[in-house]
Amino acid sequence: MIEAFLVLALAVALAWPLGRYLAAVMRGAPMPVDILFGWIERPIYRLLGTDPRRGMSWRGYAGAFLLSNLVVGLLVWLLLMTQAWLPLNPNAAPNMRWDLALHTMVSFVTNTNQQHYSGQAQLSYLSHMAGIVGLQVATPMMGLAMVVATLRALFGGRTVAHQADALSASAAAGSVRPGRAGSDLPKPLPPRHGRQAINEESGLEVHRQTSSHADVGNYWADVTRAGVRFMLPLALIWALLLNSQGVPATLQGGPVAVPIDASAGIAEQKIPLGPVAPMVAIKQLGTNGGGWYGPNSSVPLENPTPFSNLLETLALVLVPMALIFMIGPLTGRRKLSALVFGSMLLMSMASSGLAIWSEGHSATATDPALMEGKEVRFGADASALWASLTTQTSNGSVNAMHDSLAPLTGAVAITDMLINAIWGGIGSGLQQFIVYLLLGVFLAGLMTGRTPELFGRKIEAPEVRLLALLVLLQPLVLLGFTALALALPQFTGNSNPGFHGISQVFYEYTSAFANNGSGFEGLGDNSYWWNLTCVLLLVLGRYPALILPLMVAASLAGKRRSPESVGSLQIETPTFALTLVAVIVVLTVLQFMPALVLGPVAEHLSLIAH
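Note that the working numbering has the sequence shown beginning at 4, numbered continuously upward.
Structure below.
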């Protein structure tokens, strides 16, 4: 438990300044580091043919997001299928079969990093560095860009936010003049469509946009600035720290060792090395998961010391937590950051506490059947903490095999992924939390007899339909494919026909849909069935969850904003936070309770009975 509190304290202490810095990066504000990073960004903007000041509507922003995913995805798919003929392949990794390459590409493009392969044996150094690590840097920043665009839209769009800043500055200086607010301050170029309206209260000219044309930012600039100024420097620092602990960072092939026990019939063994430290750094910081080695961070080469384990555990929650602290400076509503942080912290402590108790202190903690696959260097508490945090953040990396977790610890991991908003993946977790927030406001408004409003804008039937689509998509897909896989055991490659077998199948699909990537590795998952069905779930779990909330926020941005008053629903309160957590539990945990009972709960009871 001491390690859990240490990780939490360090995460908060580091995430607070990182969040403020990230807010400045995403606002495009002038920064002292412009001299350093400007010469990197300007050629990128010229190559992309974009003006970073030029705003986009939500349609343009989402289109750019999909286009970037498609282009980099096709390039990586081609790379994986031709890696044997390309350089930087000292271990002679063969070309990937088309379906495995497709699953691997989609998995990393969707920031899931679900692996149906073993990296040290089936990927070349070039595939690792250019394909896998490249996507591990880019895709978290794509998710971050989408949630920042959604936050802008919730408050009226980027142009409105800049005008509000200009009005505040002018009012403070006592120099407000009609039609001239903020005219001397740098501001973004508006989208190509829009219409001018006159604010009836102040007489100031403001840019009032339709929902389709609200300026939500420039996608290419958002991804570039976040990657160059934030993620790459942070990953470099983490890679150096991990390399100092003994994590390899080399382009040479690994050494050959002679086994001590000759009775095994193995004359020699090649130790796989490579540029491991940079990949481990970005896989942890980017909520990516997917290790260089098949067993992930349970391998001593990937996680050699207690300090490296602390660094990697801390990295699981650092950036997702920084995004929460980014909300206040970015939107001007610091209490909103407190609401999000408090709600997520409450769920995180409940999840981590239950996992640590189940793994190290419950009735099944000492069962010999649960020791296979455990990494005893770290102990039960550290393994349970990692298992909990990696599923709270949609990271998916492991330092102990989840297939060997105590049944209730497995249930905690599954529940974390079903919620998918306890810290969550970079961008995607906060985006999912916004969905719960909108639904919570709608339900609270109905219960109190108020018109549901968020930040002065009404939530009406069109927005609720889109939110309902997201809520219904999860059970339809997860339960449908789980039932289909269990009904066709000849395709699933399931290693356990009992209660644990149900958990294995449900976990695999939940992990894919939640863009997590961890798994109960008792499945023979490198097959046409698992590769292709998981590709479908990876896509359905990623793109609707990022694009539909942006659509809802853009729809709200086009509505007339009503002034907030004492009669408005106050969401930035402890009472609403508890209401929101209750809504999350009802929408996720309770509707999947039968699957949890048939799987991990039944397995727990059977172990106790024996």
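For every residue, glycine included, the Cβ atom is placed at its ideal position computed from N, Cα and C.
Run through DSSP, which three-state label would residue i get?
i, result
"A260", "strand"
"R563", "coil"
"K286", "helix"
"L377", "It should be noted that the sequence gives Lys, not Leu, for residue 377. Coil at K377, not helix or strand."
"N246", "helix"
"E305", "coil"
"E203", "With a pLDDT of 34 at E203, under the threshold of 50, the modelled position of this residue cannot be trusted, and the question is left open."
"R198", "Because R198 carries a pLDDT of 37, less than 50, the predicted location of this residue cannot be relied on, and the following value inherits that uncertainty. Note: R198 maps to strand in three-state DSSP."
"R336", "coil"
"N534", "helix"
"R232", "helix"
"E6", "helix"
"R62", "helix"
"P189", "Its pLDDT being 44, under 50, P189 is placed unreliably in this model, and the coordinates cannot settle the point."
"R56", "coil"
"M347", "helix"
"N114", "coil"
"A32", "coil"
"S386", "helix"
"Q434", "helix"
"S609", "helix"
Does chain B have any CB closer than 7 Å to the CB of residue i?
i, result
"A368", "Of the chains in the structure shown, none is chain B; there is only one protein chain."
Given this structure, state the Cα-to-Cα distance separating residue i from residue j, to the nearest angstrom.
i, j, result
"R211", "R460", "With a pLDDT of only 42 at R211, under 50, the local geometry of the prediction cannot be trusted, and no value is derived from it."
"W223", "Q272", "46 Å"
"L440", "L482", "25 Å"
"N291", "A16", "22 Å"
"N499", "E524", "11 Å"
"P547", "E305", "34 Å"
"P55", "V28", "13 Å"
"L540", "Q434", "18 Å"
"F615", "D370", "Not covered by the structure: residue 615. The range shown for the chain is 4 to 613."
"G448", "E567", "14 Å"
"P251", "A280", "6 Å"
"W101", "R57", "39 Å"
"F502", "L489", "11 Å"
"V36", "V226", "17 Å"
"G182", "F158", "Unreliable placement is indicated for G182, whose pLDDT of 39 sits below 50; the coordinate value is still reported in the next sentence. Roughly 21 Å separates the two Cα atoms."
"Y296", "T454", "53 Å"
"G382", "T308", "13 Å"
"N221", "R161", "10 Å"
"P262", "S121", "22 Å"
"W42", "Q255", "32 Å"
Compare the C-alpha of residue i against each of the options and name the closest.
i, options, result
"S649", "L103, H607, F445", "Coverage of the chain is limited to positions 4 through 613, which leaves residue 649 absent and any answer about it impossible."
"L13", "M144, L317, N299", "L317"
"L103", "L237, Y64, L535", "L535"
"E315", "V542, S365, N246", "N246"
"G413", "R161, G382, S354, A580", "S354"
"V10", "A385, T513, P492", "A385"
"G3", "G427, Y512, Q287", "The chain is shown from 4 up to 613; residue 3 falls before or after that span and cannot be answered."
"I1", "I611, A148, G356", "Lying outside 4 to 613, the shown extent of the chain, residue 1 is not represented and no answer is given."
"A3", "R563, P603, T591", "Not covered by the structure: residue 3. The range shown for the chain is 4 to 613."
"E466", "V444, W533, L479, P258", "V444"
"A366", "N402, I611, V261", "I611"
"Q125", "W19, G160, N529, G31", "N529"
"G335", "L89, I5, E6, R23", "R23"
"L91", "P278, G137, S431", "P278"
"G1", "P478, L526, L473, V474", "One cannot answer for residue 1 here, as it falls past the ends of the chain, which runs 4 to 613."
"G520", "G544, L39, L50", "G544"
"R337", "F8, W19, A471", "W19"
"L105", "G76, S127, A471, F68", "G76"
Would you list the one or two residues that DSSP bridges to residue i?
i, result
"L421", "Note: L421 sits in no beta bridge, so no partner."
"Q272", "A260"
"E463", "Answer is none; E463 lacks a bridge partner."
"L457", "R460"
"L526", "N497"
"R45", "Answer is none; R45 lacks a bridge partner."
So, under 8 Å CB-CB, residue i and residue j are touching, yes? Tell me the CB distance rounded to an integer number of Å.
i, j, result
"T153", "A556", "5 Å"
"E575", "L342", "5 Å"
"P621", "A26", "Nothing about residue 621 can be reported from this structure: the residues present for the chain run from 4 to 613 only."
"L373", "V320", "L373 to V320, Cβ: 26 Å. No contact."
"P416", "T115", "Before going further, note that residue 416 is Ala rather than Pro in the sequence given. Their Cβ separation, rounded to whole angstroms, is 15 Å, which puts A416 and T115 out of contact at 8 Å."
"M329", "V219", "16 Å between Cβ atoms; not a contact."
"K300", "S400", "For clarity, residue 300 is Ser in the given sequence; the question names Lys instead. So it is a contact: roughly 6 Å between Cβ atoms."
"V508", "V109", "With a Cβ gap of about 20 Å, V508 and V109 do not count as contacting."
"H131", "M282", "6 Å"
"V584", "S346", "6 Å"
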